[in-house]
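My numbering puts the first residue of the sequence shown at 16, with every later residue one more than the last. I have placed the structure first, in the form of structure tokens, so that the comments after it can refer back to it.
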Amino acid sequence: MDSSTTAKANARTFILYRVFFRARYYYPVFTLLFLDFGLSLSQFAILNSIWALTIVLFEIPLGGLADTIGRRKIVILSAFLLNLELIIWLFAPIDGGQTLFFFFLANRIVSGLCEAASSGADEALVYDSLEKANLGATWSTTLEKAQRYTSLYFVFVLLVGAMIYDPTIIQVISQFFGYTGTVTQADCIKLPIILNQIAALFVLYNAFQFKEAGQASGSFREAFKGAFQKAFLSIKWIRQSQIVLLLLIILMFSESIILQFLTLMQQYWKVIDIPIVYFGIIGSGLALFAALIPSLGKFCFKRFTFKTNFSLCYFNLFIAYSTIALSIRYFGIVPVILLYCTYQLILYFNSCYIHEACEETHRATVLSVQSMLSFSKYGMVSILYSFLVTAISDELVHASLNQVFQISLIAFPSYFALSTLGVFLLARLYFKRNTQSTPLK
């Protein structure tokens, strides 16, 4: 198989792999799933912290390992871990007390390892094969298709995931097929996980379909040792590349606060009086909007400069956060659409620019560093937000949860503006002192 055929096959496989890996049937009921299994809110918070910590600890080593032993092996490992985390979840006992917590602890650790392994390895593998076949210019089109199809599949996943978790809907379906018993919430808890397990098997199949563009050599022990050396070399290289360093900073600060709001989005719908029955429909609508973004991103990437594209994104984010803070009844959904679409645009630009700027030998490690920084910053933002909510609750003793949340929304545009200004000034000072950095294109 020649390099061109391999590259095109990898691109097709990447789209299928990314679509089924990213869209999860339990996403529309993620928080409810943990609580209905029998965990407390404090346990939920502890488990998510462990998940984020696992990603931070293993991002760089696994990225370096991908650069050393080959991306395909790490992609296969990620797909295997995805199946393992779901299997652990399926066997977790409902209302199992301490045993349940340990099942979920294992699930979160394996899930964190899965995210750390998947971060960047699949993209780096495909981009390398395209570049070797002199098809590097088609990466933006491949990424566009992957994002669009993932968003469209998300529409289906969010609707189905929410429906099969509702015992009322399952009761109607089961009666149609002749079942006369009563369907409870406990009967529906694992249905989204079962569907995701089926999708995960397809992910594993596609992981084996990837073809490595280059050949890895050396024993596993040497490779793992070399992974850490590779990580340090890549970090040193990042410091010398102005555009890569800037991209890492942009995504770290923008993504962390966006993810913080998206985590709290269901509470925001309550504040602006959106009925709960519409939550799943709104999520599907956001996914449909996101499906249009890759085409816009491709247009802007080819016609506008780096500075223009990200300036537009940051302007949109500030407008979105400022309007969200107003908590406008019903119409407050509009700035959330702007926020979510801008986030998708940032992800698209970041992937296009960072692959264009990275050297092949550092690509997977750089993407892992990027993910590690984003998750670290997200953890810090989460801690700051928890302190803020506690302070507001202590100040306004009789305030309801919705009132406390509504007041806390003011922090989003304020923090975003201050952090953006601070990063701009620090970056300008750093790049002025390091004049040998690679110039922006």
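Even for Gly, the Cβ is constructed at its ideal location relative to N, Cα and C. Computed from a prediction, not measured in an experiment: that's the story for all the values here.
Confirm, please, whether the CB-CB distance from residue j to residue i is below 8 angstroms.
i	j	result
Cys356	Ile308	yes
Leu262	Ser342	no
Ile272	Val384	no
Asn221	Tyr32	yes
Phe427	Ile339	yes
Val381	Ile253	yes
Leu266	Ile334	no
Glu74	Met395	no
Ala67	Tyr393	yes
Ile209	Leu105	yes
Leu173	Ala306	no
Tyr164	Val44	no
Phe316	Cys373	no
Phe225	Val90	yes
Phe268	Ser434	yes
Met280	Val351	yes
Ile70	Phe390	yes
Ala214	Phe29	no
Leu332	Leu354	yes
Leu77	Ala132	yes
By alpha-carbon positions, which one of the options ends up nearest to residue i?
i	options	result
Ser134	Arg37, Thr199 and Ser423	Arg37
Phe119	Ser55, Ala131 and Ala94	Ser55
Lys205	Leu260, Met178 and Leu216	Met178
Ala400	Phe431, Val351, Phe95 and Ile188	Looking at the sequence shown, residue 400 is not Ala but Tyr. Considering only alpha carbons, the answer is Phe431.
Arg27	Thr69, Leu173, Ala94 and Val141	Val141
Leu47	Ile84, Gly300 and Pro207	Pro207
Val175	Phe106, Cys203 and Thr197	Cys203
Gln244	Ala24, Leu80, Val419 and Ala414	Leu80
Arg86	Ala214, Gln281, Phe223 and Cys328	Phe223
Leu62	Ala305, Asn122, Phe95 and Phe330	Asn122
Ser12	Ser166, Gln58, Lys317 and Asn149	This structure does not reach residue 12, given that the chain is present from 16 up to 456, and the question cannot be answered.
Ala147	Phe95, Ser18 and Val90	First, the residue type needs correcting, since residue 147 is Lys and not Ala in the sequence shown. Minimum Cα distance to Lys147 is reached at Ser18.
Asn149	Ile289, Lys313, Arg318 and Lys23	Lys23
Ile65	Pro43, Ile102, Glu130 and Lys88	Glu130
Gln200	Gly53, Leu441, Ile352 and Ser389	Gly53
Ser310	Val412, Phe364, Phe169 and Ile407	Phe364
Ile109	Gln421, Leu441 and Asp51	Asp51
Gln212	His413, Gly437 and Ala94	Ala94
Leu96	Phe117, Gly151 and Val218	Val218
Gln421	Ala152, Phe116 and Tyr336	Tyr336
Gln113	Leu77, Gln58 and Ile103	Gln58
Lys313	Ser126, Ala139, Ala152 and Ala107	Ala152
Leu260	Ala139, His370, Phe49 and Ser408	His370
Phe116	Tyr168, Leu128, Ser126 and Phe49	Phe49
Lys285	Ala132, Leu248, Phe247 and Arg344	Arg344
Leu92	Leu72, Gly111 and Gly127	Gly127
Thr20	Ala414, Thr183 and Leu145	Leu145
Gly437	Ala414, Ile407, Ile264 and Val198	Ile264
Leu274	Thr320, Ser415, Ser429 and Ser397	Ser397
His377	Leu248, Val198, Pro182 and Asn417	Leu248
Assign residue i to buried or exposed, taking buried as 16 or more other Cβ atoms, counted over all protein chains shown, within 10 Å of its Cβ.
i	result
Gln359	buried
Thr156	exposed
Ala228	buried
Ile84	buried
Asn324	buried
Asp137	buried
Thr453	Residue confidence for Thr453 is low, a pLDDT of 46 falling below 50, so the modelled location carries little weight and cannot support an answer.
Ile439	The displayed chain sequence assigns Phe, not Ile, to residue 439. That one is exposed.
Phe192	exposed
Lys88	buried
Tyr293	exposed
Ile188	exposed
Leu455	Unreliable positioning characterises Leu455 in this predicted model, as indicated by a pLDDT of 43, which lies under 50. The coordinate reading is nonetheless provided below. Under this definition Leu455 is an exposed residue.
Glu410	exposed
Phe346	exposed
Val125	buried
Ala107	buried
Ile185	buried
Tyr283	buried
Gln451	Low confidence applies here, because Gln451 scores a pLDDT of 48, under 50, leaving its location unreliable; read the following figure in that light. The residue is exposed, with fewer than 16 neighbouring Cβ atoms inside 10 Å.
Tyr194	exposed
Phe402	exposed
Establish whether the CB of residue i and some CB of chain C are separated by less than 8 angstroms.
i	result
Leu341	Protein chain content of the structure displayed is limited to a single chain, and chain C is not contained in it.
Kindly provide the ranges of any beta strand (DSSP E) runs that are 3 or more residues long and lie completely inside the segment 300–369, ordered along the chain.
Whole beta strand (DSSP E) segments, 3+ residues: zero.
Which runs of the alpha helix (DSSP H), 4 residues or longer, sit entirely within the segment 104–188?
112–133, 136–147 and 154–180
Note down, one range per segment and in chain order, each alpha helix (DSSP H) of at least 4 residues found wholly within the segment 20–63.
45–52
Just list the alpha helix (DSSP H) runs in the segment 365–436, keeping only unbroken ones of 4 residues or longer that don't cross its boundaries, in chain order.
Complete alpha helix (DSSP H) runs here, min 4: 378–410 and 416–423.
Curious, which full-length alpha helix (DSSP H) runs of at least 4 residues does the segment 204–234 contain?
206–224
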